[in-house]
Each structure stands twice: as structure tokens, then as C-alpha cells.
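Protein chains in written order, with the working numbering: chain A, 5 to 299; chain B, 7 to 814.
C-beta: ideal position from N, C-alpha, C; glycine also.
A short write-up of the structure that comes next.
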Amino acid sequence: MLYDIGLTIEYDYAAASDRSRTLVRLLPADAPGVQRVLSQRLDIRPRPDERREGRDFFGNRTVMAVWHGPIPSLQFQLALRMERLAIPARADLSPTLRALPAALAAETGLGPLSPHHFRGPSPRVPDVPEIAGFARGLVTGDMTTQDAIRTLGHALHAEMRFDSAATSVETGPEQAFAQRSGVCQDFAHVMIAGLRALGIPAGYVSGFLRTTPPPGQPRLEGADAMHAWVRSWAGPGIGWVEFDPTNDQTAGQDYVAIAQGRDYLDVAPVRGALRSAGGQDSRHAVDMVPLGEDA
Amino acid sequence: MPAASSPRRPDLFAGYNRLPGVADELFDAGGQMRPVWRRFVDRFAKLSPTEIATRFERGNNYLRDAGVYFRQYSTEPGAERDWPLSHIPVILHDSEWDEICAGLAQRADLLERVVADLYGPAELVRDGHLPASLIARSPQWLRPIVGVTPADGHYLHLLAFEIGRSPDGSWLVLGDRLEAPSGAGFALENRMATGRIFPERFPRAYIHRLAGFFHDFRAQMERLAQAEGRPGGQSAILTPGPSNDTYYEHTYIARYLGMLLLEGEDLLVENGALKVRTIEGPQPIGALWRRIDAAFADPLELNADSRIGTPGLLEAVRQGNLSMVNALGAGVLELRAMMAFLPRISEVLTGKKLALPNIATWWCGGETERDYVLSKAEKMLIGPALTPALPFDVTARTAMGGRFAGGAEGDLRDWIEANAAGLVGQEAVALSTTPAWVTEPGQTLAEGRMEPRPMTIRVFATRTPAGWRFMKGGYARIGHSGDATALAMQKGGSVADVWIVSDRQVPKYTMVPEGNAPFRRATPGVVPARAADNLFWLGRYVERTEDAIRLIRAYHLRLATTDNPADPLLRRLRAFLGGYGIDLGKPVPDALIERITMAQACAAKVRDRFSVDGWAALSDLHKTAAQTLRDVEPGDDAAKAMFVLVRKITGFSGLVQDNMYRFQGWRFLSLGRALERADALTALLHGLSDADAPDGALDLAVEVADCVITHRRRYAVETSRDTVVDLLALDADNPRSILFQIQAMREQAAALPGAMEHGRLAALSRAIVPIEAFLSVATPDRLTPRALLKLRGDLSQISNLVTSAYLR
């Protein structure tokens, strides 16, 4: 499937922000067998005095933008053309939860794909006993890892309500789970906490979701902003699998990934350091349209 | 066992009973005094109890006068307590010390190889010598650093090791300190204090000096800052700021080494290079000795919640433009669990055993190790694995002797099984004891006695081109009770100097260059914008405080004579002060204390460039004001109290005026004071000299401005608006006139960098000169209430100009 994706993020500062520096993770990378970047363009206004592209530890593409003088506002405009491939159906070869620790112990290495990075608490996903208890109540040791992932994602979708006003970008999984509501970020963080409590390595994916569903299907939640879902490690045979707890489904052809990490903080689209006395306003607009279905 | 029968044992040590099963520094296993102590003990034994007390007191006084204090994290914010010096040094022979240091040098090289591997190819993990899950779980292993090579090729430059002596007399490493090792400055201070206590040349001539180490370290910083093939710059110390528990040490060592002391907000990164914001614009920094934990160094790529870091710092490191001491991420080596693997790694990488073993440690993440720890739980300290804490830093969730230290119930086995990857077991070693002078509560120093106390020593090493160089001395922590196990080493113990003694006299060594080197006048360093900012506001707050004290005094003097709070003049004064947020409901308003606190807060941030006397004067002012606040009655009593405060604050001003070096920072302090005084006088005239002002208002203004006598001599008439405005606004010879202060500002502004731009006055001077011109030719009637108001607006504009030109 080919998609045209457009994203605009704008910030207005009450007082001009002096010597700003932002680290931007908005450019996608090719993932063999999953997605391919056909064209891309990221405009930043005002034009930064320094702009450097790089890769972070997890292989995400980064853009460091620096302004030497004060800026009153900031705009990021992204235009992408992406190819997203379908995931072939495969037999569930994942180990049982009981056998997973041994499979993990056999994984030596500290590279970005190592499941070990995704096992312990991370800055935005601490251990949450309530979520751990909830997750443990859903599974048995005989269940396959992949089954456990689907079961937890399904249960969280049933348990939590999507509410775009219930949380903020700072909300932690403990609070989101306590109030049983939140946005895609909260669903993802809660599911990650639950998976890690089960011993399943789990991380966070940011990206896009097609804005209008294929004919006859309901519109998906989270399509009007950047989306987030979960990737989990299901043993050496299958490797990483992606699941979207907000919409209770495997992240398939409707999804385009931008960045991935342990939690939101590793993939935040714009991490900024702004020297400004006042507050700021931000706006955010997204659309992801299959080629040929353009409105 | 104690050897009370030993004939050579002096009386002072008669009651010194060694603990069973523990090594002692003073007496060997046979009860004989170790020869290395002999020279000291012979001297000490000749002292009477009174002499001992006098000497110890001298050491304490030195520390108190020097402003050495200890900030505790745990208790109330800002709690400072006296420096807990244990007056008796720990004494070791240099041959033993050299052996220790040789072992530590081997360890230092090993640590460098491990950290280089962890941020490079990670072969130790791949080959199973370090568990991937342990490293990946460690908050100190910083992913953004992976693949970033240090500019000069080395990760570690300054190390500290916490060592202790085990019962068989051998030494053990208890912890490696390389994230931001503290204590080197404290070692210096302890040495200064013991120098006051034991000034005799005889023992001192045999003690190795500390200065050589600092000289080597300073040279290493310079080499790093000026490395070839990159722009280079100054070296500086990066501190988290005054709220850190070792901030005093940071200011002390910055002064001692002559290095800039900077906070994260002093710095900026431009085109991949680190710079310090100064009053002369950004200046390059080539090397940073960081005293902040790496995770807080850069909010953009590391801990996003950090408010003490510098955005882009990592970028400067990545670009190879900045050396860090030590490299960001080095802290991963401090993990307790690392101790479980280092002995084996040493053999794998170098084929050699560690000459100086570390405390035996088992990571419970491994199944065999977990079972072993469980079987030996009685003899272990079991606690968090992913912490840099020393074995003896026991928390409620540590198990000791098979029980939870916090007294919590629960099954040890279940706890270890459930948290295995996060736990280590460490052998519960009994540390050696060393003599300490102990007094019971209520006893004087002279009534004390010598007792054995457990101790650990912190040893410091710096990289040099010729290999690791060690401080010949150290910083000892002394337990607060005779119990040689963990608990005595908890908070509440004391610290001691460590003497490394030679058989021969040792050469003198100081930071001062050799005698025959030509005298070189040090160029005055750059003034960071934040330091200038704090000095500017220190000047303003001190002046603002003095103004408030004088006004409050005038109020209470009137109240004492009229005894009528409804008196129109008193009402006017209350309203005037109310406009400044000063509520006269209390004899000493809270707002006054707040102003002093603000001044102190500014001073605290520039303590490295501020005299010890000046700091003491401010503290004294605060203490007096706070005490006064509790007791005084309105009227006469309060007025008297204000007289005292006026004297104290003018004492501070005098110190600043007479004693402070005229460096650029001082100009900002003076500029702040002049600006504030000009504004206060303008406000005073505006508030008390209008046509509706009650009777006596003009006299009051003259009194507040401390000009009663001058007015009488100059005008020889009653006060009138003209005479008062003439004296307080237009008289260029009166330090309490607006014109005088404006002239002072103009002079300071002219001496600041960038005062002239292409042959023209810069913006700041351009704003001051017209005011000076106006006041120089004005007659009193021109200073209408409206003109006074406008003047206040102009002054506020000048303050903004100072900020935008120099303090951003």
C-alpha cells in the first residue's frame, strides 16, 4: 500500500524563545519487508542556524535543529510518501511464557535489537504493581508469548476507554491505568508495563495510522494525531511483533512507523529545550491518505 | 586482643581496647603499636587534656571561619551542619600506601578497558563476561553515548576508590567512584585543619603533601582542554549548584585550582562547541570536570527532567570538541553488581588477578550465585544491585545477617527470588578500627578519651601522560560507634585526615610555581554572565534591605514619640512601605527577612568569588534579624533593633567597598547598589515631598537618607521641599543623592567590556548620560512628582539594559 502522509506541528511562544535547540524524530527509516521511504521532506521554520541529521541508539533518524537567536514560534512540516507492506500470516512459533526466560538468557548482545533493553523499567514506564497484577491475572505459564501479547492487548482495550481529554503527554501509565482511560500513548505505556511484568520485552512505536478506513470499516482511534503502539519480543523465531492496544489489532498495513524505543521519551517527535519566560501553545495536524484515494 | 601490658604503651591509650576479630590501625595483631604511629603518638602523649582540647578547638575554629560546612540531603532543605572532623589522623606508611596504589592503578586500567568496551564493541557482554540484562537495566549505562569516543581517547581521568582493611590486615576495594567523585577538596580542608591542630614541624616534615596530586590533576585538565586538532578553550568545573550536598567542596576546589565554577545554565552549545556565557559574550570551554551525574548533563538527550544540565552538551562531546572528566556514562562502572564480574574480567582481559581484590560480591541474577547468596545470607549484606551505593550504605530494603535492616517482615528467599536481577550479596566484612577522640554527650573535649572506630579511606587518582598518579593522603570516614559492621558507617559518622608518612623528610610542594620561574601575573578570568547577574542582584538586594531597615527604624522612632499609630505621618509611612510589600503589622516585617534571604541566595551562588568575611557578615545579619523578629516590641525597642541592623549591614557594605578586588564582577555589584539607591531615593522623594505630605515628612526623608546633619550645615534653615530635593537629588557631593549614584553608575558602565561601540557610547551609557545631564543642571522645582516618576521608569529601563547587554 502506498501512502501520502502530511504532518504539521506548530508552537507559539508567549515570549520569544532564545537559543532554542530541538531534537526531532519525525523522519522514518526503511524497514526491510515492512516499510519503505519513497520520498520525504521536513521543513522547519524559522530556518534553523544549525541542522544536523543522525541516528540514535535504536536506529531512529534524528534531526538536531538549533537557533542562535530568539524565535517567536516554531513550525515543523513533514511530507512523506511511504510504501507499507502486508505482514504475511505465520504460525505461532513463540515460546511459552514459562520457556521465555531461557530464550532470553540465550540472547547475548547489547545491540539495538537486543530484547534486554526492553525488559526493565524505563524513564516513562516504571514498574506498576497494579498493572502487573492485572496482566498476571490474564495469563498462564503454558500460554505462548504471542498469545499472551494478544490477550493483554485485547483485555486493555476492553478495560480502558479512549478519551483524548483524560490525560496529557506527561501522564504516566500508573495514573492512566488507575483512571482506565487515556490516548494511544497511555494505552501503549500501560501495555508495555504489563508485558514487562510478564517477562516479555516490550517497547514503544510512534508513527501514523491511515486517516480514513478502507470502505466498510470503522474509523480508527488516534488517526487525527501521531499514533503510538507496542512492539514486543516473542522469542528468537518470530522476533518482534507489533500490536496496537488502542484499536485491539496487530499493527498491519494501516500503520507506518516513524521511531521506536523503550517508551515515549525515546521517540518523542520533538524534544525541545526552549529558553522562554512564558508558556507556549502548540498545534498538531496529521493526515495519512492511501495513494489514489486522495480527498 | 588488647595488650595493656605493653611497656611502651602511653597512658592516653590505656583504655584503648581493640575489638576482637578486627584489624586495628594503631596496634598490630600482637598488641604492639605500629611503628608508623610512633612519632605522632610520642608527641600527642605529651599533651595535657587541656592542650588537646585547645588544639582541637583551633582546628574546629579554622573550619568554621573558613566556612566549611556539610550539607545534608535528607534533612530539612538547606540544613548545614558543622564539618564533622575527627581530629586524630589515620596514619599509614608510604611503603604500604605505594603498594595499595599499585593495586589501584591496575584496577584503574581495567576499569578504563571495561568502560571503553561497554560503549564500544561490547565484547565482554557478547562473550558472556557481563550479563546483557544487567547492563541494559542499568540507568547509568547511557545509550546515547554508545559509539561516541572521547576526544582524547580516554574515558577516565579522575578516580576515587573507597578502600577498607579486612580482619587479616589486607586491603579491599569497597567501591569505585568515577561518576563525579567527591572528597578531594574535603581532603585538602581536613589537611588544613590538622595543620592547625598539629603544627609541629617534626611530624609534619615526614608527611607527604597533597599539593602534588592537585598539580598533576590541574595539568591533566589543561591538556584535555587544549588537545590538539580542535578549537580548545578553558577548563572548568560543572556543579549542580548550591543545593548539592558537596557544593561547598566545589567552590573550595574551584578557588584552589583556579578554575571557573559553572552551572548548566552558564553554558551553551553553538556549532557543536561548548561555550560559557560571559559578560563579554560566549567563550569556548575545552574540558569540563563535572560534578553532576551524567544523566542530568543534557536534558535534550539524557534525563529530560534535568534542570541543571546544558542542552546540546552531548553534541559537543560527540563532535569531539569537549573532554569530560569523567566521560558521560562512566558511572555504569560504579554499580555494586559490577564488583561481581571485575575479578574474572581482569583475568580474561589481562591474564592477571586483581592485586587488590574488591569486596566479594555475587549478582543474584545468576542462578548459581543466587543459591550461594541464599545459603550464606547470614554472612552477607544483600541489597540493590543497580546502585552505586557502597556496601555499607544500608537502606530499609537491605538484608543484613539474614534479616531486613528496616525490620520489615517477609521471607528472604521469596524476596530474593522475586527481585533477583536487582540484587547482589556482598560479604559482610568487619572493617579495621583507628583511634578517634570520643566525648560523651555533655563532656568537654578535654574530658574525651581515645577509642577504636571503624574506618574506610577514599583514595584519589588522576591520569597523567606518565600513568596514574595518586594523592598521597586521602579522606577517611570514621564510624560513629565501635561496631565495626555496617551500621556504624552510616550517616552521622565523622571524617579524618589521612597521613602518609615517610621515614625520611619529604620535599615541600605547593601549587605555587618554583622559585626561579619568572613571576607571571595571572590574567583575570572571564566573568560568567550568571555570576555577574547574581552580583548585580546581590548589590540591589543589600541596598534594598538597608533602605527598608532605615524606613522601619524611622517609623518606630516616630511611633515611640507619638505613641499614636493614627498619626498622619505614620499612616503615610505605612502606606509608603506597604507599596513595597512591607507590612508594619509586625515590628520586624517578614518582608525584611525575605530581602536578606534573597541577598544571601545571590551571594550563595557566587561563593567561589566572594570573600569569607563578606559571607560571614551576611549570615550574621540574617541571624540577627531573625532573632530580633521573635522578641522585639513596636516603638523604641524595634527602633533600637534597627540601629543594630543598620550597623551590621553597613559593615557588609564596608567590606565590599574596602576589600573586594575591582574585578569586573565587582562592577556589577556596585552598579546594582547604585541603581537601587538611586531608585530608593527617587521613591522616597516621590513618596514624602509632595504638596499633600503631612508635617514632618520632609524631615523624615532627610533622616531616612542619613542626611540630618548635612542638611543642617548646608542650609541652616528648616527643611523645605527645595532644600530636601537639592540635597537628596542634585548634590553631586552627597553619596545619598540621586545624582551621585547616577555618576557612579556612569563610571562603572564606562569600565565594562563593550562600553564603546565604534567610537560611540554603547546603549547602557547612552541611557545613563542624559539622566546625569538633566540632574546636573536641574533646579529643585524641575523635579516634580511627575519627573520623579519618569526617573524611576528610566532607572528600570537601565536595569533591563544591563541585563540584555551582559547578563543573558
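Closer than 8 Å by beta-carbon distance: list the chain B residues that pair up with residue i, in chain order.
i      : result
A/E111 : A138
I want to verify the contact list: residues of chain A whose CB lies under 9 Å from the CB of residue i, in sequence order.
i      : result
B/P150 : D60 and F61
B/A828 : Only positions 7 to 814 of chain B appear in the structure, and residue 828 of chain B is not among them; the question remains open.
B/G134 : T112
Which one of the options has the shortest CA to CA distance from residue i?
i      : options                           : result
A/D291 : A/V194, A/F138 and A/D228         : A/D228
B/S508 : B/P90, B/H99 and B/P26            : B/H99
A/A159 : A/G243, A/Q253 and A/T215         : A/Q253
B/G480 : B/T468, B/S172, B/R464 and B/E600 : B/R464
A/P32  : A/Q44, A/P92 and A/H288           : A/Q44
B/K248 : B/K646, B/R668, B/A609 and B/T656 : Inspection of the sequence shows that residue 248 of chain B is occupied by Pro rather than by Lys. Taking only the C-alpha atoms, the option nearest B/P248 is B/A609.
B/A773 : B/L797, B/V338 and B/T785         : B/L797
B/G657 : B/E549, B/R752, B/R578 and B/I744 : B/E549
B/G499 : B/T462, B/T470 and B/P534         : B/T462
A/R200 : A/G211, A/S126, A/L117 and A/T26  : A/S126
B/R113 : B/R719, B/F50 and B/T356          : B/T356
A/F138 : A/V260, A/S118, A/L27 and A/A162  : A/A162
B/A434 : B/V28, B/Y22 and B/L18            : B/V28
A/V41  : A/E54, A/L30, A/S172 and A/P273   : A/L30
B/E307 : A/Q183, A/D270, A/A169 and A/A95  : A/D270
Kindly list, in the order they appear in chain A, the residues whose Cβ is closer than 7 Å to that of residue i.
i      : result
B/A310 : L269 and R275
B/I141 : L114
B/V430 : What B/V430 touches in chain A: nothing, since even the nearest Cβ is about 16 Å away.
B/N277 : E54
B/E307 : L27
B/L274 : R23
B/V354 : Simply none; closest approach about 15 Å.
B/V131 : T112, G113 and L114
Measure the beta-carbon distance from residue i to residue j and round it to whole angstroms, keeping in mind my assumption that it falls under 8 Å.
i      : j      : result
B/A138 : A/E111 : 7 Å
A/D258 : A/L224 : 7 Å
A/V187 : A/F166 : 7 Å
A/G198 : A/L156 : 5 Å
A/A263 : A/S210 : 5 Å
Helix, strand or coil: how does DSSP classify residue i here?
i      : result
A/T12  : strand
B/A164 : Note that residue 164 of chain B corresponds to Leu in the displayed sequence, not to Ala. In the structure shown, B/L164 sits in a strand (DSSP, three-state: E or B).
B/P13  : Summary for B/P13: the model assigns pLDDT 42, below 50, so the residue's position carries little reliability; its value from the coordinates is reported in the next sentence. Three-state result, B/P13: coil.
B/G799 : helix
B/G309 : Sequence inspection shows Asn at residue 309 of chain B; the Gly mentioned does not correspond to that position. Looking at B/N309 - three-state DSSP - the assignment turns out to be coil, as it is neither helix nor strand.
A/A227 : coil
A/P105 : helix
B/H99  : strand
B/A537 : helix
B/W89  : coil
A/I48  : strand
A/A169 : coil
A/A232 : strand
Determine the chain B residues that contact residue i at a beta-carbon separation under 7 Å, and present them in chain order.
i      : result
A/M68  : E321
A/H121 : A142
Could you work out which residues of chain B lie near residue i, taking near to mean beta carbons separated by less than 9 Å?
i      : result
A/G157 : Those do not exist, as A/G157 stays about 24 Å from chain B at its closest Cβ, beyond 9 Å.
I want to verify the contact list: residues of chain A whose CB lies under 8 Å from the CB of residue i, in sequence order.
i      : result
B/V808 : Those within 8 Å of B/V808 in chain A number zero; the least Cβ separation is about 17 Å.
### Query
Taking three-plus beta-carbon pairs below 8 Å as touching, is the segment 678–695 of chain B in contact with the segment 536–546 of chain B?
yes
### Task
Specify whether the segment 163–176 of chain B and the segment 53–70 of chain B touch according to this definition: at least 3 beta carbon pairs, one from each stretch, less than 8 Å apart.
no
### Message
I want to know whether the segment 233–245 of chain A touches the segment 146–155 of chain A - three or more CB-CB distances under 8 Å.
### Response
yes
### Message
Using 8 Å as the cut-off, can you tell me whether the segment 713–721 of chain B makes contact with the segment 696–703 of chain B, which would need three or more C-beta pairs spanning the two stretches below that distance?
### Response
no
### the segment 180–195 of chain B touching the segment 294–309 of chain B, judged by at least three CB pairs closer than 8 Å
yes
### Query
Are the segment 439–452 of chain B and the segment 142–150 of chain B touching by the rule of at least three beta carbon pairs closer than 8 Å?
no
### Query
Do the segment 719–732 of chain B and the segment 646–660 of chain B meet, that is, are 3 or more Cβ pairs less than 8 Å apart?
no
### Task
Assess, as a yes-or-no matter, whether the segment 339–352 of chain B is touched by the segment 312–324 of chain B under the definition of 3 or more beta carbon pairs within less than 8 Å.
no
### Message
Does the segment 415–429 of chain B come into contact with the segment 115–125 of chain B, if we say contact requires no fewer than three beta-carbon pairs (one atom in each stretch) closer than 8 Å?
### Response
no
### Message
Check whether the segment 468–486 of chain B and the segment 102–112 of chain B are in contact - that is, three or more C-beta pairs closer than 8 Å.
### Response
yes
### Query
Three or more C-beta pairs closer than 8 Å, one from the segment 558–570 of chain B and one from the segment 620–637 of chain B: is that the case here?
no
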